[in-house]
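Heads up, the sequence shown is in my numbering, so the first residue is 3 and it goes up one at a time.
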Amino acid sequence: IPAPWVFPLHLTSAHPVEDPRTGEFFTANFANPGAGSPGFTHLVRWAKAGALEHFQLVDEGGDPIVIEQCVHQVAITKNHVILQDSAFVVEMRQMAYDIAELLLPGIPVRELLGGTQMRAQRPSTVLYLIPRRSLRPRSGGHAGHPTAVRALRVEIPGESVHFVTQYDDDGRLDHDGEVGAQHR
3 IPAPWVFPLH LTSAHPVEDP RTGEFFTANF ANPGAGSPGF THLVRWAKAG ALEHFQLVDE
63 GGDPIVIEQC VHQVAITKNH VILQDSAFVV EMRQMAYDIA ELLLPGIPVR ELLGGTQMRA
123 QRPSTVLYLI PRRSLRPRSG GHAGHPTAVR ALRVEIPGES VHFVTQYDDD GRLDHDGEVG
183 AQHR
């Protein structure tokens, strides 16, 4: 239905991750800009005891990071949590068309409502690296008042949805989460 949405679309990752060494569970909670929301990106941690902890991702200038496409996967290393802004566009309009086509099989819903042009996906992959040392025990806030934590943005050519990390990342990134001189 081509009408304004009452509520923003809040999403989470399809592939959260648990660190078997620490017992921490990580996922993401985010909203894309639009549909009544400026957008936000939270890293969410659960340490198997207590409440979920929310961390608002911010860039080097302290501005909130907003996911442009979706966080399909979260990964961890010994020293970092990594969120990927995946090459996978999620839009409320797209989901409405999909539901309408399921409910009205054989009717060209997209064409009738002018939905043939969907937002194109970005031709690169953006990763956000969050140093785990910034995520002190019980330092996260609740969803309404998340704790700000800086994330390093890394953009690489090519689209991706899934990725693999090496757990032991000692010596590959320096202590501030910046790429080390020998790896620039």
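Yeah, the Cβ is synthetic: ideal placement off N, Cα and C, and Gly gets one too. Here the structure is a predicted model, which means the values were calculated and not measured.
(request) Find out if the Cβ-Cβ distance for the pair A49, E26 is shorter than 8 Å. (result) One-based indexing of the sequence shown puts residue 49 at position 47. One-based indexing of the sequence shown puts residue 26 at position 24. Yes.
(message) Taking the alpha-carbon of T24 as reference, which of S126, E62 and I78 has the nearest alpha-carbon?
(response) To locate residue 24, count along the sequence shown from 1; it is residue 22. Among S126, E62 and I78, the Cα nearest to that of T24 is on I78.
(message) Using a Cβ distance threshold of 8 Å, determine whether the stretch 50-62 contacts the stretch 102-110, with at least three qualifying pairs required.
(response) no
(request) Identify which residue in T127, P18 and V60 has its Cα closest to the Cα of T29. (result) Position 27 of the sequence shown, counted from the first residue, corresponds to residue 29. The candidate whose alpha carbon is nearest that of T29 is P18.
(request) Closer than 8 Å by C-beta to S162: which residues in its own chain qualify, once you throw out the five before and the five after it? Chain order, please. (result) On the sequence shown, residue 162 is found 160 positions in, with the first residue counted as 1. So the qualifying residues of the chain are Q86, S88, A89 and T127.
(request) Pick out whichever of C72, T149 and D170 has its Cα sitting closest to the Cα of Y130. (result) In the sequence shown, counting from the first residue as 1, residue 130 sits at position 128. Closest option to Y130, Cα to Cα, is C72.
(message) Tell me which residues share the same chain as H144 and place their Cβ nearer than 7 Å to its Cβ, disregarding the 5 neighbours each side in the sequence.
(response) Here the question's residue 144 lines up with position 142 in the sequence shown. For H144, where only same-chain residues beyond five positions count, the Cβ hits under 7 Å are A53 and H56.
(request) Ignore the nearest five residues each way along the sequence and tell me which others in I158's own chain have a CB closer than 6 Å to its CB. (result) As a first step, residue 158 is located in the sequence shown; it is residue number 156 there, counting from the start. Cβ within range, chain order: T127.
(message) With H, G and I counted as helix, E and B as strand and the rest as coil, what does DSSP make of D172?
(response) Residue 172 sits at position 170 when you count from the first residue of the sequence shown. It is coil, neither helix nor strand.
(message) Please give the ranges of any alpha helix (DSSP H) in the stretch 43-108, keeping only runs that are unbroken, at least 4 residues long and fully inside the region.
(response) 94-105
(message) Taking DSSP's pairing of strands, which residues face H144 in a bridge?
(response) Reading the sequence shown from its first residue, position 142 is the one you call residue 144. DSSP, once it has assigned bridges, lists H147 as partnering H144.
(request) Please classify V111: does DSSP put it in a helix, a strand, or coil? (result) Counting from 1 along the sequence shown, the entry for residue 111 is found at position 109. V111: helix per DSSP, three-state reduction.
(request) Can you grab the Cα-Cα spacing for the pair G142 / L45, in whole Å? (result) Translated into the one-based positions of the sequence shown, residue 142 becomes position 140. Translated into the one-based positions of the sequence shown, residue 45 becomes position 43. Taking the straight line joining both Cα atoms gives about 9 Å.
(request) Note down the Cα distance separating F165 from P35, rounded to an integer number of angstroms. (result) For the purposes of this step, residue 165 is taken as residue 163 along the sequence shown, with counting starting at 1. For the purposes of this step, residue 35 is taken as residue 33 along the sequence shown, with counting starting at 1. Each residue's alpha carbon lies about 25 Å from the other.
(message) I need the boundaries of the beta strand (DSSP E) containing E26, first residue and last residue.
(response) Taking the sequence shown and counting its residues from 1, the one referred to as residue 26 is at position 24. That residue, E26, is in no beta strand (DSSP E); it is neither H nor E in DSSP.
(message) Buried or exposed for A33, going by 16 or more other Cβ atoms inside 10 Å?
(response) Locating residue 33 in the sequence shown gives position 31, counting from the first residue. By the neighbour-count rule (16 or more Cβ atoms within 10 Å), A33 is buried.
(request) Look at the alpha carbon of Q75 and the alpha carbon of I84, and state the distance between them as a whole number of angstroms. (result) Counting from 1 along the sequence shown, the entry for residue 75 is found at position 73. Counting from 1 along the sequence shown, the entry for residue 84 is found at position 82. Going from the Cα of Q75 to the Cα of I84 covers about 9 Å.
(request) Tell me whether the beta-carbon of E70 lies closer than 8 Å to the beta-carbon of R152. (result) As a position in the sequence shown, residue 70 is number 68, starting the count at 1. As a position in the sequence shown, residue 152 is number 150, starting the count at 1. Taking 8 Å as the Cβ cut-off, E70 and R152 do not qualify as a contacting pair.
(request) Out of L13, R47, L11 and Q58, state which residue places its alpha-carbon closest to the alpha-carbon of P148. (result) Within the sequence shown, residue 148 is the residue found at index 146, counting from 1. Selected option, being the one with the closest Cα: Q58.
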